[in-house]
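K.L.:
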Amino acid sequence: MSEHETLVVADGAPIKMWTRGVPVEDAAREQLMATARLPIVFRHLAVMPDVHLGKGSTIGSVIPTRKAIIPAAVGVDIGCGMMAARTSLTASDLPDSLFRLRAAIEVAVPHGRTPGTRDRGAWDRPPALVDAAWQALHVGFARIRGKYPKLERTNNHRHLGTLGTGNHFIEVCLDESDQVWLMLHSGSRGVGNAIGSLFIELARADMRRHIADLPHRDLAYFEEGSAHFDDYLEAVGWAQDFARRNREVMMRHVVAAARGVIAKPFSADVEAVNCHHNYVQRETHFGERVLVTRKGAVSAQKGELGIIPGSMGARSFIVRGLGNAEAFCSCSHGAGRVMSRTQARRQFTVDDQVRATAHVECRKDAEVIDEIPMAYKDIDAVMKAQASLVEVVHTLRQLVCVKG
-17 MSEHETLVVA
-7 DGAPIKMWTR
3 GVPVEDAARE
13 QLMATARLPI
23 VFRHLAVMPD
33 VHLGKGSTIG
43 SVIPTRKAII
53 PAAVGVDIGC
63 GMMAARTSLT
73 ASDLPDSLFR
83 LRAAIEVAVP
93 HGRTPGTRDR
103 GAWDRPPALV
113 DAAWQALHVG
123 FARIRGKYPK
133 LERTNNHRHL
143 GTLGTGNHFI
153 EVCLDESDQV
163 WLMLHSGSRG
173 VGNAIGSLFI
183 ELARADMRRH
193 IADLPHRDLA
203 YFEEGSAHFD
213 DYLEAVGWAQ
223 DFARRNREVM
233 MRHVVAAARG
243 VIAKPFSADV
253 EAVNCHHNYV
263 QRETHFGERV
273 LVTRKGAVSA
283 QKGELGIIPG
293 SMGARSFIVR
303 GLGNAEAFCS
313 CSHGAGRVMS
323 RTQARRQFTV
333 DDQVRATAHV
343 ECRKDAEVID
353 EIPMAYKDID
363 AVMKAQASLV
373 EVVHTLRQLV
383 CVKG
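Under the working numbering, the first residue of the sequence shown carries the number -17, and numbering increases by one thereafter.
#1: What residue range does the alpha helix (DSSP H) around TRP220 cover?
#2: Taking the alpha carbon of ALA239 as the point to measure from, which residue in GLU230, ALA209, ARG84, ALA317 has its own alpha carbon closest?
#3: Can you give me the Cβ contacts of ALA54 inside the same chain, cut-off strictly under 6 Å, excluding the 5 residues immediately before and after it?
#4: Buried or exposed: which applies to GLU343, given that a residue is buried once 16 or more other Cβ atoms fall within 10 Å of its Cβ?
#5: Going by beta carbon distance, what residues of the same chain come within less than 6 Å of ALA309, once the five residues before and after it are set aside?
#6: Confirm, please, whether the CB-CB distance from ARG319 to ALA357 is below 7 Å.
#7: Return helix, strand or coil for THR96, following the three-state DSSP convention.
#8: Please go through the same chain and pick out, in chain order, the residues whose beta-carbon is closer than 7 Å to the beta-carbon of TYR214, but skip the five residues on each side of it.
#9: Can you grab the Cα-Cα spacing for the pair GLY143 / ASP113, in whole Å?
#10: Between SER170 and ILE60, is the Cβ-Cβ spacing less than 7 Å?
#11: So who's on the other strand from CYS383, going by DSSP bridges?
#12: Under 7 Å between the Cβ atoms of ILE289 and VAL262?
#13: Report yes or no: do three or more beta-carbon pairs, one from the region 183 to 200 and one from the region 375 to 382, lie closer than 8 Å?
#14: Express the C-alpha separation of PRO355 and VAL332 in angstroms, rounding to a whole number.
#15: For the region 154 to 172 against the region 229 to 243, do three or more pairs of beta-carbon atoms, one drawn from each stretch, fall closer than 8 Å, so that the two count as touching?
#16: Need the endpoints of the beta strand (DSSP E) that LEU119 sits in, please.
#17: Let me know the secondary structure DSSP gives GLU270 once reduced to three states.
#18: Would GLY305 and ASP32 be called neighbours here (beta carbons separated by less than 7 Å)?
#19: Check the C-beta distance from ARG227 over to ALA115 and give it rounded, since I have them as a contact under 8 Å.
In structure tokens, the structure reads:
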């Protein structure tokens, strides 16, 4: 039996799906087929087992394109991804009160929403680590902002080193040897959202004469040589750099917070992974230089380390890529949702959340029900479906989870 199934699309590129044993909603299939009908798609689409309906394009898809780029496929959470660091600590070194550890992390990293000018989701006064990281970013941002003044109004500097909301998280985990890991998930925050939204609208405007011919207006694209192609590549590249540095700053603050609670000295640089899963970059596949957009997918080049998280109550995995060419050397970015946030809030209660996360020190209230583990696919089935894409290096189980 083949490692994947192939969906043939009339007047479009084939779709190769690593989804055996996991559910795929009809709406996601339809969305994938719409993308496959674009004339800019190179060879085929690759679909990961965490696939589900997304805004702009399907989450869990890998979209290779020739001399063109689709801003809505990259989306607005540009550079969203994961970072993990293995510490020198073991389970016995952790404090009896994991609540103290969770509380220290929550104080160290702003998280949650930004409803006003003073809130927990952004820095009131960015600390030294944030200022230092911003020094490497501000020149590039000034250049982009000079062409697109709307971006000046973003919370760029004050969001650097902050977590955000939704499925973004910080966790303390144990691996199969009871070694302690620190792991987090976030992206380019408000400034990435502003960049993504701006260029999605510009792409629609640039294609206004042809928008009716597209399978969906969200699939508007810039062609190489067009007015906004180079500007978008510069801006999306900058946002991806912001996202990577954002995770690095947060990790340093998480480590410092843990040191304030854990009596034993420890290192956190034994092994670290920092990888995007919402991004675009130039790569060579099947002998051609193409643009590869991974929307909820991780690069899994041969030997490359990556992170595949489960959910608030499920295991996560540190993986090594197998370099599967048919999948454009990619793997899933997580378990993938089986229901929308609205459905989860309707279907489950706080008591359900308490039971599902009984083994984890985390929030257990109405505001995080949409992140309940049952809203996600079975991570073990997801991993089995992509056995030809990655091998598992470490299996992690959560002890502490901080949500926005």
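Ideal Cβ placement from N, Cα and C applies to all residues, glycine included.
P.N.:
Considering the structure as presented:
#1: As a working note, residue 220 is residue 238 in the sequence shown. Taken as a continuous stretch (DSSP letters only), the alpha helix (DSSP H) holding TRP220 covers 211 to 243.
#2: Position 257 of the sequence shown, counted from the start, is the residue given in the question as residue 239. When C-alpha distances from ALA239 are compared across GLU230, ALA209, ARG84, ALA317, the shortest belongs to ARG84.
#3: The sequence position of residue 54 within the sequence shown is 72, counting from 1. Here the set comprises GLY38, ILE182, ASP200.
#4: Counting from 1 along the sequence shown, the entry for residue 343 is found at position 361. Buried, since its Cβ has 16 or more Cβ neighbours within 10 Å.
#5: Along the sequence shown, one-based indexing puts residue 309 at 327. Residues of the same chain with a CB within less than 6 Å of the CB of ALA309, apart from the 5 flanking positions on each side, are ALA28, LEU371 in chain order.
#6: Within the sequence shown, the letter at position 375 stands for residue 357. Within the sequence shown, the letter at position 337 stands for residue 319. The beta carbons of ALA357 and ARG319 sit closer together than 7 Å.
#7: Position 114 of the sequence shown holds residue 96. For THR96, the pLDDT reaches just 48, beneath the cut-off of 50, and the residue's location in the model is therefore unreliable, leaving the point undetermined.
#8: Within the sequence shown, the letter at position 232 stands for residue 214. Correct list, in chain order: ILE51, PRO53, PHE181, PHE204.
#9: What you label residue 143 is simply residue 161 of the sequence shown in a count that begins at 1. What you label residue 113 is simply residue 131 of the sequence shown in a count that begins at 1. Whole-angstrom Cα-Cα distance: 10 Å.
#10: Mapped onto the sequence shown, residue 170 falls at position 188. Mapped onto the sequence shown, residue 60 falls at position 78. Yes, the Cβ-Cβ distance between SER170 and ILE60 is below 7 Å.
#11: Translated into positions along the sequence shown, residue 383 becomes position 401. Answer by DSSP bridge pairing, in chain order: GLU153.
#12: Position 307 of the sequence shown holds residue 289. Position 280 of the sequence shown holds residue 262. No.
#13: With a cut-off of 8 Å, the region 375 to 382 and the region 183 to 200 do not count as touching, because too few Cβ pairs lie within range.
#14: By 1-based counting over the sequence shown, the position of residue 332 is 350. By 1-based counting over the sequence shown, the position of residue 355 is 373. Across the structure, VAL332 and PRO355 are spaced so that their CA atoms are roughly 12 Å apart.
#15: Yes: the two stretches touch, three or more of their Cβ pairs being nearer than 8 Å.
#16: Indexing the sequence shown from 1 puts residue 119 at position 137. DSSP places LEU119 in no beta strand (DSSP E); its state is neither H nor E.
#17: For the purposes of this step, residue 270 is taken as the residue at position 288 of the sequence shown. Strand.
#18: As a working mapping, residue 305 is identified with position 323 in the sequence shown. As a working mapping, residue 32 is identified with position 50 in the sequence shown. Not closer than 7 Å, so no.
#19: As a working note, residue 227 is residue 245 in the sequence shown. As a working note, residue 115 is residue 133 in the sequence shown. Between ARG227 and ALA115 a beta carbon distance of about 5 Å is seen, short of the 8 Å cut, so the two are scored as contacting.
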